[in-house]
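**Q**
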Amino acid sequence: MIEDLVTQTAPQLIEPFGIGADTAAEILIVAGDNPERIKSEAAFAKLAGISPIPTSSGMTSGKHRTDHGGHRQLNATIYRVVIGRMRFHEPTIAYVTRRTAQSKSKRDIIRCLKRYVIREV
1 MIEDLVTQTA
11 PQLIEPFGIG
21 ADTAAEILIV
31 AGDNPERIKS
41 EAAFAKLAGI
51 SPIPTSSGMT
61 SGKHRTDHGG
71 HRQLNATIYR
81 VVIGRMRFHE
91 PTIAYVTRRT
101 AQSKSKRDII
111 RCLKRYVIRE
121 V
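The sequence shown runs 1 to 121 under full-length UniProt numbering.
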C-alpha cells in the first residue's frame, strides 16, 4: 500500500540506490510537513540535521561536525541508506576506499555521504 502511494506521488524518489518505498515515504512525510522550510538542498539538509557545522575555535579551523538538531527520523533514514550503500553500492565502496586512503574517519565519510544522498533526493 505504501509503495503504491509513493509510486503515485513521487516515483523519482525510489530510483536512487538504497531508497525504497519506506525511505521515500519518510522523506515525503517530512517534506510535506515543512514545505515552507524547504527552499533549497541546503535547507533540506538543515531540516534533516545533516548540514555540516563548523567547529573552529581559536587557532583551529576547517573542521566540521554534523548538526545534532533537525528531524531525527529523517536523519536515521538517510543514515540507513548510506550504510546500505557503503556495503553494496560499488561507486560508494570506491568512494569510501578513496576517502579512507586520504585518512578521513568513518564518521566524516558517513557525514559526506549523507549530504550526497540529500542532494540526490
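Backbone N, C-alpha and C fix where the C-beta goes; we use that ideal spot for every residue, glycine too.
#1: Quick check on Ile19: does DSSP put it in helix, strand or coil?
#2: Nearest to Lys106 by alpha carbon, out of Phe88, Val82, Pro91?
#3: Taking 8 Å as the threshold (C-beta atoms), are Ile50 and Asp67 in contact?
#4: Thr100 to Gly32, Cα distance in whole Å?
#5: Following the continuous alpha helix (DSSP H) through Pro91, name the residue where it begins and the one where it ends.
#6: Compute the beta-carbon to beta-carbon distance between Thr77 and Glu26, rounded to the nearest angstrom, for a pair I have assumed lies under 8 Å.
#7: Would you list, in sequence order, the uninterrupted beta strand (DSSP E) runs of no fewer than 3 residues that lie entirely inside the UniProt domain "Transposase IS116/IS110/IS902 C-terminal" (17-94)?
#8: Pull up the CB-CB distance for Glu41 and Ile118, whole angstroms please, since I reckon it's below 8 Å.
#9: By the DSSP assignment, the alpha helix (DSSP H) with Lys106 in it spans what residues?
#10: For Lys39 and Leu47, I'd like the C-alpha separation in whole angstroms.
#11: Quick one: Cα of Ser103 to Cα of Pro52, how far?
**A** Taking the coordinates as given:
#1: Position 19 of the sequence shown, counted from the start, is the residue given in the question as residue 19. Three-state DSSP puts Ile19 in coil, outside helix and strand.
#2: Position 106 of the sequence shown holds residue 106. Nearest C-alpha to Lys106: Val82.
#3: As a first step, residue 67 is located in the sequence shown; it is residue number 67 there, counting from the start. As a first step, residue 50 is located in the sequence shown; it is residue number 50 there, counting from the start. Closer than 8 Å, so yes.
#4: In the sequence shown, residue 100 corresponds to position 100, counting from 1. In the sequence shown, residue 32 corresponds to position 32, counting from 1. Taking the straight line joining both Cα atoms gives about 37 Å.
#5: Taking the first residue of the sequence shown as 1, we reach residue 91 at position 91. Here the alpha helix (DSSP H) through Pro91 covers 90-101.
#6: Residue 77 sits at position 77 when you count from the first residue of the sequence shown. Residue 26 sits at position 26 when you count from the first residue of the sequence shown. Their Cβ separation, rounded to whole angstroms, is 5 Å, which keeps Thr77 and Glu26 in contact under 8 Å.
#7: 52-54, 64-66
#8: Taking the first residue of the sequence shown as position 1, residue 41 is located at position 41. Taking the first residue of the sequence shown as position 1, residue 118 is located at position 118. About 7 Å separates the two Cβ atoms, so the contact holds.
#9: To locate residue 106, count along the sequence shown from 1; it is residue 106. Counting along the chain, the alpha helix (DSSP H) containing Lys106 begins and ends at 106-120.
#10: Here residue 39 corresponds to residue number 39 of the sequence shown, with the count starting at 1. Here residue 47 corresponds to residue number 47 of the sequence shown, with the count starting at 1. Their backbone Cα atoms lie some 11 Å apart in a straight line.
#11: Position 103 of the sequence shown holds residue 103. Position 52 of the sequence shown holds residue 52. Roughly 19 Å between the two C-alpha positions.
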